[in-house]
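Following: one structure in structure tokens, then a few remarks.
Numbering (our numbering), first residue to last: 11 to 126.
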């Protein structure tokens with residue numbers, strides 16, 4: 011697992027195809043995965059939101075990013091066609107999926123039901 015770099019959200023780990031099953035599907039906590047790319051302006055808009063959510067929900071939720079350009083296996087597995095795509099995984103299963111940047115308050119509202 012590597013730390014996020016560049017326009018990526020700080021405090022949010024980056025996972026790869028090789029690490030995805032262990033880091034996301036095998037996680038004890040729910041995991042919010044952002045499918046992202048360096049060339050994606052809405053992904054850059056979402057970076058501070060994800061950083062804030064990762065900080066606020068630490069202990070209840072893990073937030074990670076996966077670069078679609080360098081990790082095509084997981085990207086294809088979940089049919090990701092647009093960035094940013096956010097998929098919430100719980101107990102190894104995707105339970106919620108959304109596309110596009112959103113404000114922190116809205117993202118937390120969308121996650122609230124899934125995190126109960």
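We put the beta carbon where it would ideally sit given N, CA and C, even for glycine.
Residue range 82-87 is occupied by the alpha helix (DSSP H) that includes residue 82. A straight line joining the alpha-carbon of residue 62 with that of residue 22 spans about 10 Å.
Taken in chain order, the complete beta strand (DSSP E) segments of 3 residues or longer contained in the region 50-115 are 72-77, 95-100, 103-109. Following the DSSP letters along the chain, one finds residue 44 inside the beta strand (DSSP E) bounded by residues 41-46. As far as DSSP is concerned, residue 27 takes part in no beta bridge. Our two residues, residue 97 and residue 58, have alpha carbons roughly 18 Å apart in a direct line.
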